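Trainee: Before we start, here is the structure in question, set down as structure tokens.
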Amino acid sequence: MAAVPGPWAASGEGSNGQPVCVELFVNGVWVDITAYVLTRDGSQRIEISRGQSDEAGQVERSTCSFELNNRDGRFSPRNPMSPYYGLIGRNSPLRVSVPDPGTGGRNYRFWGEVTKWPQNWDLTGTDFWVRVEAYGPLSRLEKGRTPTRSVLYNALTTGTVPGLQAYWPCEDSGDATAIKSAVPTASDMAITGVPHLQAMEFFYSSDPLPIMSESTFVGRVDSYDPVTSCQVRFLLHVPPVGLDDGQVIAAIWMDSLDVETWELYYFVGPQGEGQVALRPLDGDGATLAGGVTEFGDIRGIYLRVSVELAQNGANIDCAVRLLDSATNVVTANTGALNNKALTRVTRIDMAPAQVLGSATMGMPETAVGHITLQNQITAVDDLGDRLDPAGEAAGRRFARICDERGLVFEAIGDLDATELMGPQQKRKPIEQLQECREADGGIMFEALTGFGMGYRTRASMYNQEPALTFSYADSVLSEVPVPVEDDRYLRNSIDAIRSFDPGEPAHAELTEGRLSIAEPPTGAGEYGQRAEVNVPDDSYLPNQAGWRLFQGTIDEARFPQISFNLARQQITGPIKAALLNLRPGDRVLLTDPPSTQPPDDVSLTVYGWSRETIDHFQHTLTLNCAPEAMWRVATVEDDVLGRADTEGSELVADVASGATSLSVLTTSGPWWTTDSAEFPFDVLVGGEVMTVTDIRPSRDDTFTRTTSNGWGTADSGQAWSTAGGTAANYAVTGGEGQHVCTTLDVSRRAIITAPTDDFDITCDVTANALSTGASQYGGIMARYRDIDNLYHCRLEFLTDNTVVMVIRKRLAAVESFVGTGLFLPLTHVAGQYIRMRFQGIANDLRAKAWLRGTEEPTEWQINSSDGSFAAGSCGCRSIVPAGNTNVNPTLAYDNFSFNTPQTFTVTRSANGVVKAHTAGTDVRLANPAILGL
64 MAAVPGPWAA
74 SGEGSNGQPV
84 CVELFVNGVW
94 VDITAYVLTR
104 DGSQRIEISR
114 GQSDEAGQVE
124 RSTCSFELNN
134 RDGRFSPRNP
144 MSPYYGLIGR
154 NSPLRVSVPD
164 PGTGGRNYRF
174 WGEVTKWPQN
184 WDLTGTDFWV
194 RVEAYGPLSR
204 LEKGRTPTRS
214 VLYNALTTGT
224 VPGLQAYWPC
234 EDSGDATAIK
244 SAVPTASDMA
254 ITGVPHLQAM
264 EFFYSSDPLP
274 IMSESTFVGR
284 VDSYDPVTSC
294 QVRFLLHVPP
304 VGLDDGQVIA
314 AIWMDSLDVE
324 TWELYYFVGP
334 QGEGQVALRP
344 LDGDGATLAG
354 GVTEFGDIRG
364 IYLRVSVELA
374 QNGANIDCAV
384 RLLDSATNVV
394 TANTGALNNK
404 ALTRVTRIDM
414 APAQVLGSAT
424 MGMPETAVGH
434 ITLQNQITAV
444 DDLGDRLDPA
454 GEAAGRRFAR
464 ICDERGLVFE
474 AIGDLDATEL
484 MGPQQKRKPI
494 EQLQECREAD
504 GGIMFEALTG
514 FGMGYRTRAS
524 MYNQEPALTF
534 SYADSVLSEV
544 PVPVEDDRYL
554 RNSIDAIRSF
564 DPGEPAHAEL
574 TEGRLSIAEP
584 PTGAGEYGQR
594 AEVNVPDDSY
604 LPNQAGWRLF
614 QGTIDEARFP
624 QISFNLARQQ
634 ITGPIKAALL
644 NLRPGDRVLL
654 TDPPSTQPPD
664 DVSLTVYGWS
674 RETIDHFQHT
684 LTLNCAPEAM
694 WRVATVEDDV
704 LGRADTEGSE
714 LVADVASGAT
724 SLSVLTTSGP
734 WWTTDSAEFP
744 FDVLVGGEVM
754 TVTDIRPSRD
764 DTFTRTTSNG
774 WGTADSGQAW
784 STAGGTAANY
794 AVTGGEGQHV
804 CTTLDVSRRA
814 IITAPTDDFD
824 ITCDVTANAL
834 STGASQYGGI
844 MARYRDIDNL
854 YHCRLEFLTD
864 NTVVMVIRKR
874 LAAVESFVGT
884 GLFLPLTHVA
894 GQYIRMRFQG
904 IANDLRAKAW
914 LRGTEEPTEW
924 QINSSDGSFA
934 AGSCGCRSIV
944 PAGNTNVNPT
954 LAYDNFSFNT
964 PQTFTVTRSA
974 NGVVKAHTAG
984 TDVRLANPAI
994 LGL
């Protein structure tokens, strides 16, 4: 809301230079009463609290208390000798400010109302004082009543609708005998027939509306001026099947026989469309030449209909506009009636029979409501989100509700970039504001630029730069901050459900890690939360649940409060200015924590001020805080926050304190990137932050060397051994490792040691010629023990150039299938590589294949299970059976990788921690990317 006069908004005055200024709004002006504020022996001072106590709480009403010298009785509201007699009392506006060292103006610390003036004196009768208790605007909002009428009714009866002459809400009870008028200038609408009152509930801004089957409403309007223009508007929903051709939707009766009636009627278009048209009729019921021709298609749409008439010289301009309440799209058509004068509207009929014609009264299964007549023409979308609040941005609804309550509104962040809301329900204003906060996840607060409320959007708190940075070593704090390790705000099992028309909840839970639902010591046990949120539909709920799960499982110590005394000499001008200008949701960064604490900076979000005291000598602040980590979210292409974390990784072996190479096993999800462009980045290992400068598979070979009579040594340093055929059948040349199968029915095997029993191997495979006579076979070996005991995920290159992938095992020289084979959706081209991926986790075996250079399939193409082999080497195996007529058939391999564990090259102790680590220690990003809500 824009600044308003009087006590409700700041007027921009400068500071008076005093340490504190206390002002009371008396008789239309702010009066400085600081001289009457008692400090006595130093035990009395101004005490203020405001904001949230923590990240999980609701904003609490701000408080301000102090004592006033009342020896002359001026602060006794009922004292007729007081200069303020009759001018102060319950809810007298009060504000408190201090000088702002940054701007030279005033920095308001409290803005609210004095609710009571308790009179006190001592036994001697010489000391009189008032203990002032003042509260912020939440105090009154909390006492507000629940609305009894709909959003649309309230919007149309606020006195802000230009030229309103008649209004029939049509929200009458089921036993009503008339449609009540909401304004005194129009009569109640008479009901003819039997409508179904309160039958249509899908205009969410309205209470249920009537269905007009076999019924008509007739309402009369008092005389009004001027009559140069008028518009009739109403809500309308016609069923998808439409209405009868010629059915009158509304008849507008005028104070003239020359043009007595305007009929808005239904017209069945050439393709069955449900169109509308507007025709003028004279006193005999004859149609005049003019009006608005048929257009649109109104079937099944929730509309606001506007019929607009305006005198334009000797003619009447006319228009019909159709506003889709769900999409805000306006469809319109215009026309004119020449050489006629516009007169006032005397009566409006809904769903009448035609004046002349066959159409009878009533509109089957059709709802109408909120019928208005204005003698001014306004935009058809003038109600904004109040026409259909469902889909309104949470920040915008917050601002609108404050505006409707006459409150000053402060915004931090983009109100349009907030979560979308469901319908606006009949709740107290404070509850409606809280609904906005719950849906978007931001911070609600009381304004300090006037008497009102503020909202900080969730997105405005993402990845903030600190508003205040200070070093613990500089002795800026007035009290020692106490870290807390507890489960007070732990939430690891979330159900999110809509508060309006609830369906099935969305569930999110943390299943692994120290804060998971697993029983201790593996996890923390289950800590549940049920969140009711007013969002448009159930599709919003999974993100709502996931976001709350993230915020409820931040694994770091809490610093609930940090305190400052602005009188301390260590508080420099810039620090003082930053402290005074902190806003709810701002980030505060404490560097150089004590050596007994973790070495990382303490990054906090400010939620409120639990205690602020001001006198002429000191000004102390105690901030309510929570970990800022809950607001760090993914940022596309950001070097730090643009990286997705591992789903599970750990050290394979112990690591000494000075080691710069780690063997890291990915236990779940994709393995770590090996793209050189992605380095460096930081990982967290057992509390130590390390900078990763390179990652390679534990076994890796790109075959860029030239070797004959074998495959030589892989890029990762391990030697290949070979078996089957002759040494001359093995070579590395032209960027590939080759098996030349000069002897049929004899396998060729290139073997390399495997670092772990479980495996995840990728390799590019091709046959250098199309198969003739019989197939050629090549692929990945795993858990290889000897020629007669192994797993083989192989490609069969058939003579029709199709390719089949299978998983086979050779057990005691007997071969068999493991699972079902698969024809790949590709055609073999000689020398064209197919990339294979073969994975074994315990007894689970999986495989997939795709053309090299194309996207890897998201799903495994073969899933099987076998427990014949638990361990062994790995490598590549080729065989060409009898019947093949290729000359020196050659199977070629490239980019062989045993992808996990991976070898990390690191720079140690990025955060000052130097220590050894044991096998099994968790490895993860130091700054993982988390998707925002």
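Numbering (the working numbering), first residue to last: 64 to 996. Idealized CB from N, CA, C, for every residue including glycine. No experiment lies behind these values; they were computed from the predicted model shown.
Which class does W610 belong to by DSSP, given the choice of helix, strand or coil?
Mentor: Here W610 sits in helix by DSSP.
Trainee: Going by DSSP, name the residue or residues bridged to M899.
Mentor: Bridge partners of M899: C826, A912.
Trainee: Quick one: residues in its chain with C-beta nearer than 8 Å to the C-beta of L914, no 5 flanking neighbours on either side, listed in chain order?
Mentor: These residues qualify, in order along the chain: L889, Q895, Y896, I897, R898.
Trainee: At the level of alpha carbons, what is the spacing between D1050 and Q182?
Mentor: The structure shown does not extend to residue 1050, since the chain is modelled only from 64 through 996, so no value can be given for it.
Trainee: For the ligand MN, is there any heavy atom lying closer than 8 Å to the beta carbon of N170?
Mentor: Looking for the ligand MN in the displayed structure turns up nothing, as the structure carries no ligands at all.
Trainee: Am I right that F472 and G515 are in contact with their C-beta atoms under 8 Å? What's the rounded C-beta distance?
Mentor: Contact flag correct, Cβ pair sits at about 6 Å.
Trainee: Near A314, which residues of its chain fall below 6 Å by C-beta distance, leaving aside the five closest residues on each side in sequence?
Mentor: So the qualifying residues of the chain are T324, E326, D412, P415.
Trainee: Using C-beta distances below 6 Å, list every residue in its chain close to E205, excluding the 5 sequence neighbours before and after it, in chain order.
Mentor: I493.
Trainee: Going by beta carbon distance, what residues of the same chain come within less than 7 Å of L807, once the five residues before and after it are set aside?
Mentor: Around L807: V943, P944, A945, N947.
Trainee: Could you please give the first and the last residue of the uninterrupted beta strand (DSSP E) stretch that includes D466?
Mentor: Counting along the chain, D466 falls outside any beta strand (DSSP E), though it belongs to the alpha helix (DSSP H) covering 457-467.
Trainee: Quick one: what does DSSP say Q624 is sitting in, helix, strand or coil?
Mentor: It is a strand residue.
Trainee: Pick out the complete beta strand (DSSP E) segments inside the stretch 782-844, 3 residues or longer, and give them in chain order.
Mentor: Listed in chain order, they are 784-786, 793-796, 799-803, 811-815, 822-830.
Trainee: In three-state DSSP terms, what is W735?
Mentor: DSSP places W735 in coil when its eight states are reduced to three.
Trainee: Would you kindly work out how many angstroms separate the C-alpha atoms of F932 and R846, rounded to a whole number?
Mentor: Answer to the nearest angstrom: the Cα atoms are 6 Å apart.
Trainee: Nearest to C499 by alpha carbon, out of F880, L483, E509, C804?
Mentor: Comparing Cα positions, the closest option is L483.
Trainee: Quick one: is V355 buried, meaning 16 or more other Cβ sit within 10 Å of its Cβ, or exposed?
Mentor: Classification of V355: buried, given that the 10 Å Cβ count is 16 or more.
Trainee: Under the DSSP definition of a beta bridge, which residues are partnered with T635?
Mentor: None, per the DSSP bridge assignment.
Trainee: Helix, strand or coil, according to DSSP, for Y147 in the structure here?
Mentor: Here Y147 sits in coil by DSSP.
Trainee: Does the distance from the CB of S927 to the CB of V881 come in under 9 Å?
Mentor: Yes, they are a contact pair.
Trainee: Could you tell me which of A620, Q261, D564, D558 sits nearest to L573, measuring between CA atoms?
Mentor: Of A620, Q261, D564, D558, the residue nearest in Cα terms is D558.
Trainee: With three or more beta-carbon pairs closer than 8 Å as the criterion, would you say the stretch 205-224 touches the stretch 268-281?
Mentor: With the cut-off at 8 Å, the stretch 205-224 and the stretch 268-281 touch.
Trainee: Rounded to whole angstroms, what is the Cα-Cα separation between P991 and W694?
Mentor: Their backbone Cα atoms lie some 12 Å apart in a straight line.
Trainee: Of the residues L478, Q487, I560, K489, which one's Cα is nearest the Cα of Q520?
Mentor: A small correction: the amino acid at residue 520 is Thr; Gln does not occupy that position in the sequence shown. That would be L478, whose Cα lies nearest to the Cα of T520.
Trainee: Here's the rule I'm using: 16 or more other beta-carbon atoms within 10 Å means buried, otherwise exposed. How should M144 be labelled?
Mentor: Answer is exposed; the Cβ neighbour count stays below 16.
Trainee: At which residues does the beta strand (DSSP E) containing S534 begin and terminate?
Mentor: Here the beta strand (DSSP E) through S534 covers 531-534.
Trainee: Please report the straight-line C-alpha distance between K639 and P140, rounded to a whole angstrom.
Mentor: Rounded to whole angstroms, K639 to P140 spans 38 Å at the Cα level.
Trainee: In whole angstroms, what is the alpha-carbon distance linking E918 and D745?
Mentor: Approximately 28 Å between the Cα atoms of the pair.
Trainee: Within 8 Å, do at least three Cβ pairs link the stretch 683-699 to the stretch 123-131?
Mentor: These segments do not touch.
Trainee: What does DSSP give as the partner residue(s) for R1020 in the beta ladder?
Mentor: There is simply no residue 1020 to check, as the chain begins at 64 and stops at 996 in what is shown.
Trainee: Measure the CB-CB distance between V976 and E751 and report whether it falls below 9 Å.
Mentor: In this structure, E751 lies closer than 9 Å to V976 by Cβ.
Trainee: Could you give the DSSP three-state label for E595: helix, strand or coil?
Mentor: Reduced to three states, the DSSP call for E595 is strand.
Trainee: For P492, which of helix, strand or coil comes out of DSSP?
Mentor: Residue state, collapsed to three classes: helix.
Trainee: I need the straight-line Cα distance from F766 to Q924, nearest angstrom please.
Mentor: The alpha-carbon atoms of F766 and Q924 are separated by roughly 27 Å.
Trainee: When the Cα atoms are used, what is the spatial distance from G983 to R811?
Mentor: Taking the straight line from one Cα to the other gives about 37 Å.
Trainee: Can you have a look at A989 and say buried or exposed, based on whether 16 or more other CB atoms are within 10 angstroms of its CB?
Mentor: Label assigned to A989: buried.
Trainee: Determine, using beta-carbon pairs with one atom in the stretch 658-668 and one in the stretch 146-164, whether at least three such pairs fall under 8 Å.
Mentor: Because the criterion of three Cβ pairs below 8 Å is not met, the stretch 658-668 and the stretch 146-164 do not touch.
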